[in-house]
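> As you go down the protein sequences, you meet chains H and F in turn.
335 is the number that numbering that gives the first Met the number 0 gives the last residue of the first sequence; the numbers go up by one with no jumps.
152 is the number that numbering that gives the first Met the number 0 gives the last residue of the second sequence; the numbers go up by one with no jumps.
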Amino acid sequence: MLPIFIRWTPLMIRNSRSVPLLACVTLASCAGPQSALDPAGPSAASIHQLGIIMYIGASAVTLLVAVLMLVPFMRKNDSRANRKLFLWTGVLLPAVTLTALVPYVLAVGHETRTPASPNQLSIDVTGSLYWWSMSYRRTSELTEIATANELRLPVGEPVELSLRSNDVIHSFWAPNLAGKTDMIPGRVTRMVIQADRPGIYRGQCAEYCGLQHSLMAFDVIVLPRREFDAWLARLTQPVREPPAPELQQGRDLFVSIGCGECHTVRGVVESRRGPDLTQVGARRTIGAGTLPGGVGNIAAWIASAQHLKPGNAMRSYDQLEGPQLRALAYYLESLK
Amino acid sequence: MCVRFNLSNDPGMSKENLVMSRASLALIVFGCFTFIAGCRVPPTSSIPDRQVPEGDPIRGRAIVASGAHGCTGCHAIPGIRARSGVVGPPLGGMAQRSFIAGQLPNTPNVLVEFLQDPPALVPRTGMPDVRVSLEEARDIAAYLYTLDAPHDP
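Set out below in structure tokens:
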């Protein structure tokens, strides 16, 4: 077997033109909105770096072990030499590598634990079965401004997240930005994340929390500071009176059938039991990643929420009349 | 080589074998197949006018499958990977269905118009205007007319 290996290795190296190509193809498939292999922030980058060291190291160890397994076949039993080999590769090598690795691993991801600076943006993220509340508070203002299933961040700034849970243990995970952090009922876990590239990333609950755990996702939208400020200012404003009569009808219906028991539309109804809908029309998904946004899916969600995401806290409003359903959906879609 | 059949229980006839040539056997087999083939329900989608000349069913399928307009949120559509919607009628069999929304004749022009603004044609419908363009409506209609009726179990 060893001779074959020796004969083939130079061939593989000689044909090295295919290696970069193969590497490119492999790496391209790693990019994406929800990939720890495509880091967009310092914390994710350090985890990614550790990952690469581990992949290469583990490959080298596997190769070494495979070669060492051939040793007994290749030479006669020489107990002194074997003992020496065992000492070097079986004891000394692992001891040195692991000793070096432990402090390095402990330091990885320390970016998420940096202390808060006074003017830092701070966001309360609360996990519930099966959605996320994102509540923005700035030290200059006392009022909290909430949105749901969508985390908007200014690019290149460390942002402090206070993670809470309303019910069971969830875990906040946006792989492109940082590692997982658990959200534990009755406790506040803190993490600092930073996104260095504007763009849209996807986050996901990473601690099995129940029937719809897989449909508990959120978008992370990273914006330049000016756009972020404009968005936040818009979010604080009460929703203005809808211009069209059909939208007004939708708004009236929204209030009269009791959507405000759970939802907030700033300036119209106020409840923190369910997701804040002040900007639901601008959201990329409906139902925490269940459906893409848009009026069609909003209508589908209102009429059959329990069918689309069984076990979520919203009932299916399947006793509305056609025009009522449409008016509600148009109204919610207009909230941007 | 021949095939022999003993067709009779009559002792007098027992020694007598009926010999059939390969040709006649083939004829019987052919007849059987023809008979069985005749049991198939003739295709009903031979309605010549349910064609959308400018529509591309492949593009239409892509539009529907993308979920951007939310078709699958309300409708069960065979062959599209999504949780089948239960809000509106299933769209399997649109190629044979007589009515759109139970009210309008299912012709290509009406379907294309309906897709662009359902409440304009059916005021009591629950289907919102999902802002489908004329081109998209043609593609989607062409795709819907590829959906044959689901087979009976």
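Yeah, the Cβ is synthetic: ideal placement off N, Cα and C, and Gly gets one too.
#1: Using only alpha-carbon positions, find the residue among H/Y330, H/P291, H/L276 that is nearest to H/W131.
#2: Let me know the secondary structure DSSP gives H/S127 once reduced to three states.
#3: Please state whether the Cβ-Cβ distance between H/H147 and H/P309 is less than 8 Å.
#4: Chain H beta carbons: is any one of them nearer than 8 Å to that of F/P107?
#5: What separation, rounded to the nearest whole angstrom, lies between the Cα atoms of H/G108 and H/A287?
#6: Grab the span of the alpha helix (DSSP H) containing H/H306 for me, first residue to last.
#7: Secondary structure at F/G59, three-state DSSP: helix, strand or coil?
#8: Can you pull the chain H residues whose beta carbon is under 7 Å from the beta carbon of F/A141, in chain order?
#9: For a quick check, are the C-beta atoms of H/P291 and F/A67 less than 8 Å apart?
#10: Spell out whether any CB of chain F is found under 8 Å from the CB atom of H/Y330.
#11: State the start and end residues of the unbroken beta strand (DSSP E) segment that holds H/S161.
#12: Give me the Cα-Cα distance between H/A205 and H/S213, rounded to the nearest whole angstrom.
#13: Verify whether the separation of the beta carbon atoms of H/Q323 and H/L246 is less than 8 Å.
#14: Go through its chain and collect everything with a Cβ distance to F/G72's Cβ below 6 Å, but skip five positions before and after it.
#15: What is the DSSP secondary structure of H/L290, reduced to helix, strand or coil?
#16: Where DSSP assigns a beta bridge to F/I99, which residues make up the other side?
#17: Is any beta-carbon of chain F found at less than 8 Å from that of H/G310?
#18: Please name the residue, chosen from F/R123, F/D116, F/N105, F/P117, that lies closest to F/V51 on a Cα-to-Cα basis.
#19: Tell me where the beta strand (DSSP E) around H/Q203 begins and ends.
#20: Using a Cβ cut-off of 7 Å, pull out every chain F residue sitting near H/H306, in sequence order please.
#21: Under 8 Å, Cβ to Cβ, is there at least one residue of chain H near F/P89?
#22: What's the C-alpha gap between H/L176 and H/S45?
#23: From what residue to what residue does the alpha helix (DSSP H) around H/P153 run?
#24: Tell me the rounded alpha-carbon separation between H/Q119 and H/H169.
#25: What are the residues of the region 288 to 299 of chain H that lie near chain F, defined by any Cβ-Cβ distance shorter than 7 Å?
#26: Is H/L214 close to chain F, meaning its C-beta is less than 8 Å from at least one C-beta of that chain?
#27: Determine whether the beta carbon atoms of F/G92 and F/A141 lie at a separation below 8 Å.
#28: Mind pulling the chain F residues with CB within less than 7 Å of H/R325?
#29: Taking its Cβ as the centre, do 16 or more other Cβ atoms sit within 10 Å of H/M215, making it buried, or is it exposed?
#30: Going by CA-CA distance only, name the one from F/G54, F/A22, F/I27 that's closest to F/L143.
#31: Start and end of the alpha helix (DSSP H) containing F/H68?
#32: What are the start and end residues of the alpha helix (DSSP H) that includes H/F85?
#33: Go ahead and label F/S44 buried or exposed: buried means 16 or more other beta carbons lie within 10 angstroms of its beta carbon, across all protein chains shown.
#34: Taking just the CA atoms, how far does F/V121 sit from H/C258?
#35: Would you grab the beta carbon distance between H/D181 and H/L128 for me? Rounded to a whole angstrom, and I think it's under 8 Å.
#36: Residues in its own chain within less than 6 Å of H/D317 by CB, not counting five upstream and five downstream?
Put simply:
#1: H/L276
#2: strand
#3: A quick correction: the sequence has Ala, not His, at residue 147 of chain H. Not in contact: H/A147 and H/P309 (Cβ atoms no closer than 8 Å).
#4: no
#5: 27 Å
#6: Segment 294 to 307, the alpha helix (DSSP H) holding H/H306.
#7: helix
#8: Going along chain H, no residue has its Cβ under 7 Å from F/A141, so there is no contact; the nearest lies around 19 Å.
#9: yes
#10: no
#11: Per DSSP, H/S161 belongs to the beta strand (DSSP E) from 158 to 164.
#12: 9 Å
#13: no
#14: G84
#15: strand
#16: F/L103
#17: no
#18: Taking the Cα of F/V51 as reference, the smallest distance to any Cα among F/R123, F/D116, F/N105, F/P117 is reached at F/N105.
#19: 198 to 204
#20: V85
#21: no
#22: Taking the straight line joining both Cα atoms gives about 10 Å.
#23: Taken as a continuous stretch (DSSP letters only), H/P153 belongs to no alpha helix (DSSP H), being part of the beta strand (DSSP E) at 149 to 153.
#24: 25 Å
#25: Going along the region 288 to 299 of chain H in chain order, one finds L290, P291, G293, V294, G295, N296, A298, A299 with a Cβ nearer than 7 Å to chain F.
#26: no
#27: No, they are not a contact pair.
#28: P118, G125, P127
#29: buried
#30: F/G54
#31: Per DSSP, F/H68 belongs to no alpha helix (DSSP H) and is neither H nor E.
#32: Neither: H/F85 is in no alpha helix (DSSP H) and is coded neither H nor E.
#33: The predicted position of F/S44 is uncertain, since its pLDDT is 49 and thus under 50; a value taken from the coordinates is nonetheless stated next. Under this definition F/S44 is an exposed residue.
#34: When rounded, the distance between both Cα atoms is 27 Å.
#35: With 8 Å as the limit, H/D181 and H/L128 do not qualify as a contact, their Cβ atoms being about 16 Å apart.
#36: If the five residues before and after H/D317 are omitted, its C-beta is found closer than 6 Å to the C-beta atoms of A302, all from its own chain and listed in chain order.
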